[in-house]
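Since the structure comes first, as structure tokens, the remarks are kept for the end.
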Amino acid sequence: MTHDAHLRDAVALAHANVLSGGRPYGAVIVRDGEVLARAVNRTAETHDATDHAEMVAIREASRLLGSAKLDGCVVYASGRPCPMCHAAMRLSGIREAYFAYSAEEAETYGLLSAGIYAELCRPLDEQPMRVSHRPVAAEAHPYEAWRARESDGK
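So for the sequence shown, our numbering puts the first residue at -17; every next one is plus one.
Listed below in structure tokens is the structure:
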């Protein structure tokens, strides 16, 4: 299949999801030409703000592969992945993604995400959600414990 065929699949998933009461988002994850996961946005069903199509597909592909690393995978999404989904793709090692509809186009239909990208580019004290760095002194730093565990190979 081609990029366009996988994008059409993601759009078809999104459309079917709307018809069944969900939100208009679908995602497909492919590696080496094989479709690993096909998913839709499930937020209306689960009432979980993180249950986006890309997140559901990432979870499914990770379970299938038995790994949190999805190197070599490509994501096809009906709409531009939101910042959360974009970050999740990066954290999982995905280096390539394609989307059919822009965040700006989604906003013309009353959906959000383009504005969130702009907000996240502003300094923390100028963002609408308060996020503040408050260092905590701790006897055992969790990052140090993780590094020690990883270097021991456990």
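No residue lacks a Cβ here, since even glycine has one placed at the ideal position from N, Cα and C. Treat the numbers as computed from the prediction; the structure is a model and nothing was measured.
- Ranked by Cα distance from GLU16, the first of GLU87, PRO105, TYR91, ALA(-13) is ALA(-13).
- Boundaries cannot be given for GLU108, as no beta strand (DSSP E) includes it and DSSP labels it neither H nor E.
- About 5 Å separates the CB atoms of ALA39 and ILE11; that is less than 8 Å, so the two are in contact.
- Scanning its chain for C-beta atoms nearer than 8 Å, with the 5 sequence neighbours on each side dropped, one finds around ALA70 the residues GLU36, MET37, ILE40, in chain order.
- Contact between SER60 and VAL(-7) holds, since their C-beta atoms are separated by about 5 Å, short of 8 Å.
- DSSP places ALA21 in no alpha helix (DSSP H) but in the uninterrupted beta strand (DSSP E) bounded by 16 to 22.
- According to DSSP, residue pairing for VAL10 in a beta bridge involves ARG20, TYR58.
- Between ALA(-4) and TYR7, the C-beta gap is smaller than 7 Å, which places the two residues in contact.
- If you look at ALA88, you'll find it isn't in any beta strand (DSSP E); it sits in the alpha helix (DSSP H) that goes 85 to 90.
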